[in-house]
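In what follows, a structure is listed as structure tokens, so that the remarks can point back to it.
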Amino acid sequence: MIRTGLASILFLFVTTLAQGQAPSEVEVTFAGYQGFQLAGSLSLPAPLSKDGAPGVLLLPGSGPTDRDGNQPPYLSTDLLKEMSRRLVREGFAVLRFDKRAAAVYANRWPADLAAQDAFFAWEAFTGDARAALDFLRGRPEVDRTRTAIVGHSEGGLIALQLGSDLAAAGSPPAALVLASTAATKLDEVVRVQMARGLENLQANEADRKLHLDALDGAIRSILESGTVPADLPFLLRPLFPPNASRLLRSYFTIDPAALARSYPGPVLVLHGAMDAQIPAEEHTDKMLGVLASRAGGVHERVIIPNASHNLKPAASLTDFGFAGDVVPGALDALAGFLSRALR
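Going by the numbering used here, the first residue of the sequence shown is number 2, and it counts up by one from there.
See below:
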């Protein structure tokens with residue numbers, strides 16, 4: 002009893018000192034899939050509860066995306082940084098990290114093409130995310146029972162994979178947020194994106210057929226043999242890098258709807274109405290239908306008007322919306338849902 006009393010007095014003294022302090026952010030490292038060392042930022046609210054703050058893991062979208070949601074020097078959105086700033090002000094402990102494809106690790110990537118294919122495989126990215134969640138749950142500042150995953154685009158698919166896997170293991174995340182996340186397999190998404198892109202380029206019928214037929218052939222080759230065709234048209238080559246055939250095969254076979262059915266907890270489906278990559282109404286309708294078919298678990302949908310795939314201001318479906326601040330309504334919806342789900 003004396004020890005408990007002293008501990009309580011000490012905690013009250015420390016938290017009293019913390020009153021009025023700003024949230025803090027610390028650089029962290031942890032071992033990801035097969036021991037690959039990952040770097041990230043852990044943002045902590047002030048003051049901290051003696052029971053630990055609710056935790057949030059942020060997962061970025063596809064490509065060489067860093068902890069802030071950027072792909073320097075070509076693409077800067079600060080999407081995850083803005084999410085983190087808002088959530089830590091609301092009392093959440095937030096972890097975000099540079100995914101293994103980020104340029105900061107380039108000198109540690111394998112040199113051999115086949116080794117790169119394994120290094121960038123689906124199980125590597127999901128393994129890294131699982132390690133990040135374990136790291137966050139293990140922090141003394143965090144309440145491991147109130148820890149959620151927020152995934153943007155591809156990050157939402159990884160969040161669904163972890164939600165399904167950990168539910169089967171008896172330790173699911175406390176909530177999931179699927180931001181700009183597809184509700185269908187990615188081969189279907191790529192076909193729609195390519196058709197829309199060719200339409201925007203005002204390609205003639207012959208060029209449209211050439212590219213769409215080549216796209217179907219490339220998807221078939223990935224699924225049947227795990228290889229990328231060598232004679233792809235120029236426009237398709239960025240979609241099928243030869244060091245990502247294993248990852249592409251996973252993209253084209255993993256069904257987000259099946260994963261969503263097996264996750265029992267609260268889910269927010271968050272989307273920009275002007276998403277030029279993942280059509281908002283179509284994909285959120287499908288995901289909500291799947292979530293409603295579960296035996297339990299609440300779900301919400303928020304579609305943000307005039308917001309892009311990156312939840313930035315966008316006036317139309319031809320506006321990719323990379324610039325500016327995240328639309329405030331998206332941050333409000335995110336913070337509100339997590340407050341309800343975790344508190």
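Just so you know, even glycine gets a beta-carbon here, dropped at the ideal spot from N, CA and C.
Assignment of T30 by DSSP, reduced to helix, strand and coil, places it in the strand class.
D69 carries a coil assignment under DSSP once its states are collapsed to helix, strand and coil.
DSSP places V178 in the strand class (E or B) of the three-state scheme. Pairwise C-beta distances place the stretch 110 to 118 in contact with the stretch 239 to 247, as three or more of them are shorter than 8 Å.
Relative to the Cα of R140, the nearest Cα in the group D333, L58, R87 and G171 belongs to L58. Bounds of the beta strand (DSSP E) holding A40 are Q38 to L45. With a cut-off of 8 Å on Cβ pairs, the stretch 248 to 258 is in contact with the stretch 175 to 185, counting three or more such pairs. Per DSSP, the beta bridge partners of S25 are L45. Each residue's CA atom was taken as its position, placing L237 and G198 some 11 Å apart. Proximity to A334 across R295, L292, M288 and L269 peaks at L269, based on C-alpha coordinates.
A straight-line Cα-Cα distance of about 23 Å links R147 and S154.
The alpha carbon of R86 has as its nearest neighbour, out of E124, S42, P111 and W123, the alpha carbon of S42. Separation of F31 and A175 (C-alpha to C-alpha, rounded to the nearest whole angstrom) is 22 Å. Per DSSP, reduced to three states, the secondary structure at V143 is strand. Here the stretch 55 to 70 lies against the stretch 89 to 105, with 3 or more beta-carbon pairs under 8 Å apart. For the beta strand (DSSP E) assignment, the uninterrupted runs of no fewer than 3 residues enclosed by the stretch 150 to 231 are, from N- to C-terminal side, 176 to 180. Here L343 has P55, R147, A149, A175 and A176 as same chain residues with Cβ atoms under 7 Å from its own Cβ, once five neighbours each way along the sequence are excluded. Residue range A281 to A293 is occupied by the alpha helix (DSSP H) that includes V291. Under the three-state reduction of DSSP, L343 is assigned to helix. The alpha-carbon separation between A122 and D79 amounts to approximately 25 Å. The beta-carbon separation of F321 and A277, rounded to 6 Å, stays under the 8 Å limit for a contact.
N71 sits buried, since 16 or more C-beta atoms from the chains shown fall within 10 Å of its C-beta. Between L179 and M288, the C-beta spacing is below 8 Å.
Its chain contains A274 as the residues whose beta carbon lies nearer than 6 Å to that of P306, once the 5 sequence neighbours on both sides are disregarded; these appear in chain order. The bridge partners DSSP lists for V57 are V95 and A149.
The Cβ atoms of P48 and R90 do not sit closer than 8 Å to each other. Cβ contact annotation for A107 (same chain, cutoff 7 Å, sequence separation greater than five): none. A check of alpha carbon separations from L332 across H272, E28, G171 and L137 identifies H272 as the nearest.
The bridge partners DSSP lists for R302 are V270. When the beta-carbon positions are compared, L88 and A130 stay at least 8 Å from each other.
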